[in-house]
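These protein sequences, in sequence, are chains Z and V. Residue 205 in numbering that gives the first Met the number 0 sits at position 206 of the first sequence; the count goes up by one each step and never skips. Residue 69 in numbering that gives the first Met the number 0 sits at position 70 of the second sequence; the count goes up by one each step and never skips. Here a beta-carbon is modelled for each residue, glycine too, at the ideal position from N, C-alpha and C. This structure is a prediction, so every number in the text was calculated from the model and none was measured. Structure first, commentary second.
Protein chains: 2
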Amino acid sequence: MMLKKAQILNFTKLYRFGQPFKTAAVVCPVDGSAFEPVNTIDGMAMAFREGGIALTISLSPSDRVFGLGETIGALNKRGKKYRLYTTDDPVHTPGKENLYGSHPFVLAGSALTNPFGFFIDYPSEICLDIGFTNHNVMEVAIPSMNFDIYFFSATGRTLTFMEIVKEFLLLTGAPYCPPKWGFGYQQSRWSYPDAKSVAETASRFRKEGIPCDAIYMDIDYMDNFKVFTIDEVKFPDFQTFAGMLKKDGFRLIPIIDPGVKIEDGYGVYEEGRRRGLFCEAKDGSFFKAAVWPGLTHLPDFLNPETRRWWGGLCTRFLDMGIEGFWLDMNEPSIFYTPAAIHEVFNLVDEMKGNPDIPKRRLQDMLNKLSNNRAYFREFYHRTPSGGRVSNEEVHNLYGTLMTEAVADGFITNMPGRRYFLLTRSSYVGLHRYAAIWTGDNMSWWEHMLAHIRMLMSLNMAGVFYTGADIGGFGSDVSPELMIRWMQLGVFSPLFRNHSAFGTRRREPWAFDGQAFDIMRDTIKLRYALIPYAYSEFMRSVRELSPFIRPLMFDFDCRFDVEDQFMYGSSIMAAPVLLPNATGRYVLLPTVSWLYCRALRHDKWAVSVIPQGVHYIDCPLCMTPFFIKENSIVTLSEPVNYVGEREIEVLRAVAFVTETASFTYYDDDGLTDGYKKGVYSTLQINIVSSGGQYAITIMAEGPRTTKIKRIDFEIYGRNAGLCRCSRQLPNQ
Amino acid sequence: MMLKKAQILNFTKLYRFGQPFKTAAVVCPVDGSAFEPVNTIDGMAMAFREGGIALTISLSPSDRVFGLGETIGALNKRGKKYRLYTTDDPVHTPGKENLYGSHPFVLAGSALTNPFGFFIDYPSEICLDIGFTNHNVMEVAIPSMNFDIYFFSATGRTLTFMEIVKEFLLLTGAPYCPPKWGFGYQQSRWSYPDAKSVAETASRFRKEGIPCDAIYMDIDYMDNFKVFTIDEVKFPDFQTFAGMLKKDGFRLIPIIDPGVKIEDGYGVYEEGRRRGLFCEAKDGSFFKAAVWPGLTHLPDFLNPETRRWWGGLCTRFLDMGIEGFWLDMNEPSIFYTPAAIHEVFNLVDEMKGNPDIPKRRLQDMLNKLSNNRAYFREFYHRTPSGGRVSNEEVHNLYGTLMTEAVADGFITNMPGRRYFLLTRSSYVGLHRYAAIWTGDNMSWWEHMLAHIRMLMSLNMAGVFYTGADIGGFGSDVSPELMIRWMQLGVFSPLFRNHSAFGTRRREPWAFDGQAFDIMRDTIKLRYALIPYAYSEFMRSVRELSPFIRPLMFDFDCRFDVEDQFMYGSSIMAAPVLLPNATGRYVLLPTVSWLYCRALRHDKWAVSVIPQGVHYIDCPLCMTPFFIKENSIVTLSEPVNYVGEREIEVLRAVAFVTETASFTYYDDDGLTDGYKKGVYSTLQINIVSSGGQYAITIMAEGPRTTKIKRIDFEIYGRNAGLCRCSRQLPNQ
């Protein structure tokens with residue numbers, strides 16, 4: 000075994016086994032001379048197993064294990080098995096070991112034991128048994144002798160979980176920022192199949208006074224599911240149509256799938272074939288996989304030339320005014336291959352001749368038809384060096400490199416501008432240039448909790464801007480679940496309502512009047528909170544500190560809390576997660592909290608609740624959240640869409656018993672000027688003293704904010720309210 | 000429409016539509032002359048729809064809806080759709096509308112609105128939309144003009160939920176009582192396939208000192224899955240074997256499936272065919288359905304002659320010492336029919352000729368192969384009157400009448416003796432002569448909550464003795480989940496550990512030493528509590544009041560509590576339901592509670608906790624439960640199996656601030672003598688006064704108990720402990 004070690008960054012050691020495949024997950028250059036040969040890895044026992052390496056790590060009774068990004072199950076990963084192998088599995092039941100992404104970044108420890116972390120940079124399957132077989136052992140199996148492990152730890156001091164995440168982000172790069180309109184509400188459906196239904200949806204939002212910034216176009220906008228086409232009958236003169244909607248504040252977000260339909264005369268197919276940009280079967284022919292369009296070829300995104308080609312193909316949409324895409328099916332998803340179908344036919348023939356063959360075999364075979372693991376061993380990529388590798392060896396990179404291709408398309412065509420980009424499949428590194436949504440969840444109350452847990456886990460993995468389909472993608476939703484999920488959506492960075500073909504409609508007007516009113520008011524609350532959320536999000540990106548965090552990252556908690564989360568540093572979200580509930584249990588750690596129940600964005604019931612365990616009442620019509628003691632939240636009047644008008648008046652709601660401060664942030668919301676410091680801030684401070692509040696506001700930054708006035712609502716320990724306003728000097 | 004009404008019982012009105020099929024659900028004779036014609040039903044709006052009737056009931060904001068027995072979802076049924084049509088669905092995800100049983104009994108109301116209930120006696124599909132489409136409307140659709148509705152309500156006074164349940168049980172009969180050994184621990188596995196594995200399992204229990212009363216025999220004990228056979232190779236000399244095990248305190252419980260393998264020379268098949276006791280296809284031939292044995296005929300349990308025959312077939316087992324069965328697959332489950340397989344073959348042929356047929360069609364067809372609704376329209380029963388009805392018309396009775404046949408077999412062959420009988424499928428009325436287990440759950444934390452909710456719902460429907468597979472039937476279980484579920488099992492009337500083929504083993508010794516120790520101690524706690532549980536269970540049966548109840552039945556609760564339950568009237572169970580949790584939230588209603596954490600049956604940590612909301616600590620090694628203020632729990636030293644030795648010393652743990660009383664009950668545990676009053680009781684009273692406790696014990700009943708001494712542990716408001724003993728006079 001060839002193992003070597005290099006110290007990189009303050010708390011990061013790189014252990015290199017053999018010659019790893021270069022994944023681009025890491026942005027820190029490693030100096031070859033920094034390596035020294037070693038035999039062991041800190042704190043891990045190593046064993047060889049089945050051509051790979053198994054690492055075992057002892058867990059103390061108090062150790063929590065976090066990380067792994069997009070996985071189903073508890074936030075504390077202890078007690079379950081996980082398999083990091085990207086897959087399109089539409090049924091997220093609790094036992095599932097893998098989903099669409101692979102984020103092999105783990106944090107472990109507790110206040111009693113020195114926390115540590117590790118990131119295994121390896122682009123194929125990694126299996127983790129985290130205290131499942133044996134509660135006190137974490138076992139990590141990597142079926143290879145060529146991979147990198149970055150180990151995060153400190154000697155002589157205790158690292159916090161927050162510091163480990165920061166170290167991981169120093170290593171892998173700063174998170175992606177969507178355009179500011181990405182913080183608006185987004186409406187999707189499989190499908191708004193034509194211009195008429197999109198236009199009707201858009202105008203209904205405006206008519207009803209429900210803010211909305213984006214409408215998604217699912218697979219039916221294409222001509223026969225052919226990628227990069229638009230059905231001209233359903234969407235005549237798309238460019239004019241897109242422009243018209245944009246004038247009204249709606250961005251259109253078309254879906255892009257990887258599979259290119261095999262069809263003579265179809266340009267994308269013809270060009271990809273001519274230039275040899277598709278994945279190959281063992282015999283060198285182009286591999287065939289069936290997806291929505293029927294049989295397709297899969298673009299070989301491992302090949303940089305394919306990526307450039309694909310990025311260029313996006314141009315036709317960009318030219319028509321599109322500023323965002325969502326990339327689907329890129330695990331890649333394969334419904335079946337011609338060979339697999341052939342096997343089914345053969346079995347049926349055999350069965351006809353022999354009634355003793357159990358019919359179960361046919362069912363089993365059919366059940367394994369979608370995304371059979373064997374497919375991924377049957378096709379090959381060209382790597383930058385020209386070598387051929389099977390998809391199996393680099394499986395988890397496919398969606399990420401497809402996303403990189405599209406991101407590069409944007410960057411090339413809209414230099415200096417932010418773009419909106421969601422992908423379903425992901426690997427570490429992707430968080431630098433795109434976001435993910437969490438795939439095909441269900442209209443189950445349990446999946447609201449899954450949404451919350453994934454927000455926290457994905458934020459640890461650097462995917463700050465993310466979210467699950469509000470209301471659940473699959474199956475029908477009750478008005479109550481839709482409302483409660485919308486209330487969670489207020490605190491989900493990506494706030495997208497999406498649903499599957501054939502399910503109950505999810506637009507607010509699809510429900511009864513009472514439910515409709517609540518949903519409209521909930522979405523308006525989201526918009527009112529954007530001045531807070533955007534400020535905190537951008538600070539999180541600058542400081543490489545998760546925007547969404549478990550309470551345990553900020554506070555000493557008496558017990559694990561997985562159904563509440565910090566949304567920036569002033570707000571704790573605690574949505575109601577049970578049917579028919581008129582409230583919920585909460586743990587309020589360390590300090591007092593201002594409990595806010597928003598009936599509307601400008602009509603809240605508030606009360607101060609001391610630290611401890613409580614059952615808080617929250618009727619269906621109210622969105623619950625907490626403002627932390629000594630902190631400030633900034634709001635504005637909701638707009639119909641982000642950028643509709645300049646925000647000139649801020650509302651600052653504060654809960655102050657001593658001193659509170661907040662940095663209000665704004666920028667153009669559309670460019671990456673923020674990376675060069677092109678933004679402005681208002682530093683707001685409130686000091687409580689002798690029943691009085693001293694307020695100071697300090698403007699900073701090159702771009703002057705348009706804020707003219709801040710209206711303060713300051714609550715003290717007994718929820719007594721002080722209202723006052725401050726004019727800001729003209730600048 | 001022909002609708003008439005009769006008052007029966009105090010609070011029950013029967014509304015009869017047309018000429019209902021006689022289901023035997025109800026035990027109250029209805030006098031024909033009591034009917035009067037009417038046009039409406041109390042509080043319901045009626046509409047005709049698709050050949051049937053739709054009833055709508057308005058719900059007030061505060062109304063809770065309970066009932067429906069075995070269904071997935073919340074205890075409060077509001078916000079979901081349900082379909083009462085018995086089916087073998089092995090994946091109990093939250094959206095599922097129907098499971099194995101049909102219990103069309105609903106309770107609704109709140110403290111603010113007068114509670115009412117109804118039972119729709121109709122043996123085929125009933126669809127309920129309970130505030131799903133519209134939160135304030137319950138809609139019940141019955142696709143028939145011939146059915147009975149029993150409506151439970153009072154005028155001039157408020158009925159309680161408990162009174163409505165009692166009324167329902169007066170109408171449908173008193174619950175089944177298993178033999179006392181049914182309160183012991185039961186070990187199952189798919190499969191202990193031979194005598195050796197059963198014997199090893201049994202002796203391991205004794206060797207490890209883990210109490211156990213029963214071992215189940217899953218399908219592999221049969222010769223080629225032929226019902227009423229025993230594989231003579233795997234189980235030579237079964238009678239001797241069963242006798243040997245019984246001597247050691249183990250009952251063997253074989254599985255019985257309905258499908259009779261079509262095989263010449265197989266006696267059961269030959270006889271059924273000869274006597275015409277199988278269900279018929281439309282053309283009068285015997286209907287063919289594939290289940291475990293391959294193609295089978297389904298016994299026509301609607302025909303009384305079939306039931307007598309089937310009951311008689313059980314005799315061969317009874318003669319060999321068997322005292323219990325579990326009846327599976329009796330929804331009935333159908334893997335496929337020859338015609339359905341033929342369609343698959345045809346589609347494949349078509350696909351070969353036409354590559355444009357989407358492969359999805361084949362997958363869809365295969366997905367619908369199991370338990371396709373169409374099958375149940377394709378076979379027919381002979382009714383007692385000799386008429387022919389399709390299974391569809393009486394679908395939900397199939398499993399119940401199979402169970403009745405076996406129960407009658409027991410009653411005929413072992414008159415006066417209790418028998419042990421579980422069934423998977425059920426309809427109202429079955430609760431008089433058998434119990435159910437809740438089918439193929441999964442090793443998901445979420446299914447512990449489903450277990451708790453079903454315990455409560457099934458108890459409302461009269462199935463007092465019931466339970467779910469501990470640890471979950473499907474998929475692998477972690478040691479932590481297994482332990483927490485065992486701790487719930489302590490308070491599950493049926494305490495059975497069962498698991499599917501291919502999953503991780505579930506016997507206590509299949510886990511690490513620490514987990515093993517906890518499981519053994521947990522099972523011993525269960526046995527120690529039998530003197531309490533059996534007393535309370537038998538009282539519940541006598542008084543027709545649920546043994547397991549939601550808190551809302553006993554107390555004024557500030558909010559819905561679905562994860563705690565009353566286990567008899569002294570104990571409230573509150574198991575830990577989350578991974579990695581070291582405690583949980585609880586609501587303690589109305590009074591103070593003595594919080595008990597049992598490390599072992601004789602080693603508890605106790606503390607008095609006042610009413611309110613709390614987070615209680617409970618490490619993995621401890622079973623949590625609460626003793627209600629002013630109540631008493633009786634225990635004994637655990638035995639290896641129920642009846643191993645006479646209990647002579649009781650331990651009474653009491654939490655007394657004023658006055659507490661408890662009726663200790665015992666009987667022979669094996670006969671129906673209890674129905675004629677052949678049992679004995681000890682009425683135990685404790686009065687607290689001025690720091691002293693006055694204890695009185697009064698023996699009653701014809702059969703004298705063998706109790707010689709009661710050791711008291713009496714806790715007061717400050718958890719101060721008073722220990723004392725009372726000798727009982729010899730009798």
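Close Cβ partners of residue i (< 7 Å) along its chain, the five nearest in sequence each way excluded
i	result
V/P142	E49, G50, G51 and E124
V/G248	D212, N639, Y640 and E643
Residue range of the unbroken beta strand (DSSP E) whose run includes residue i
i	result
V/P492	Element bounds for V/P492: n/a, residue is neither H nor E.
V/Y692	Q691 to E699
Z/E712	R708 to Y714
V/N684	S679 to S688
V/S57	G51 to S57
Z/M216	A213 to M216
V/T633	S630 to L634
Run of the alpha helix (DSSP H) containing residue i, from where it starts to where it stops
i	result
Z/K602	No alpha helix (DSSP H) holds Z/K602; the beta strand (DSSP E) holding it covers K602 to I608.
Z/N353	No alpha helix (DSSP H) holds Z/N353; DSSP gives it neither H nor E.
Z/D407	Y397 to N412
V/S660	V/S660 -> not in any alpha helix (DSSP H); beta strand (DSSP E) instead, spanning T658 to D665.
Z/S539	I529 to E542
DSSP-derived helix/strand/coil call for residue i
i	result
V/Y149	strand
V/M621	coil
V/L294	strand
V/M43	strand
Z/K245	helix
V/A173	coil
V/R452	helix
V/D516	helix
V/M144	coil
V/A288	strand
Contacting residues, own chain, Cβ-Cβ under 6 Å from residue i (five flanking each side not counted)
i	result
V/C556	L550 and P588
V/E377	none
V/I522	Y184, I209 and P210
V/F510	P478
Rounded Cβ spacing between residue i and residue j (contact assumed at less than 8 Å)
i	j	result
V/I570	V/I631	Contact doesn't hold; Cβ gap of about 10 Å is too wide.
V/G738	V/R519	Since the first and last residues shown for chain V are 0 and 730, residue 738 of chain V lies out of range.
Z/P637	Z/Y526	4 Å
Z/Y714	Z/I683	Contact flag wrong, Cβ pair sits at about 15 Å.
Spatial neighbours of residue i in its chain, beta-carbon cut-off 8 Å, leaving aside the 5 residues before and after
i	result
Z/T171	A24, V25, V26, F118, V427, G428, H430, R431 and G461
Original post:
Counting pairs of beta carbons, one from the stretch 614 to 631 of chain V and one from the stretch 566 to 585 of chain V, are three or more of them closer than 8 Å?
Top reply: yes
**OP:** Count the C-beta pairs between the stretch 311 to 324 of chain Z and the stretch 244 to 259 of chain Z that are closer than 8 Å, then say yes if the count reaches three, no if not.
**Re:** yes
**OP:** Check whether the stretch 441 to 458 of chain V touches the stretch 354 to 361 of chain V, taking contact to mean three or more Cβ pairs, one atom from each stretch, closer than 8 Å.
**Re:** no
Subject >> At least three beta-carbon pairs within less than 8 Å, the stretch 80 to 88 of chain V to the stretch 113 to 128 of chain V >> reply: The stretch 80 to 88 of chain V is in contact with the stretch 113 to 128 of chain V.
Original post:
Touch check for the stretch 193 to 203 of chain V and the stretch 225 to 242 of chain V: three-plus C-beta pairs under 8 Å?
Top reply: Touching, yes.
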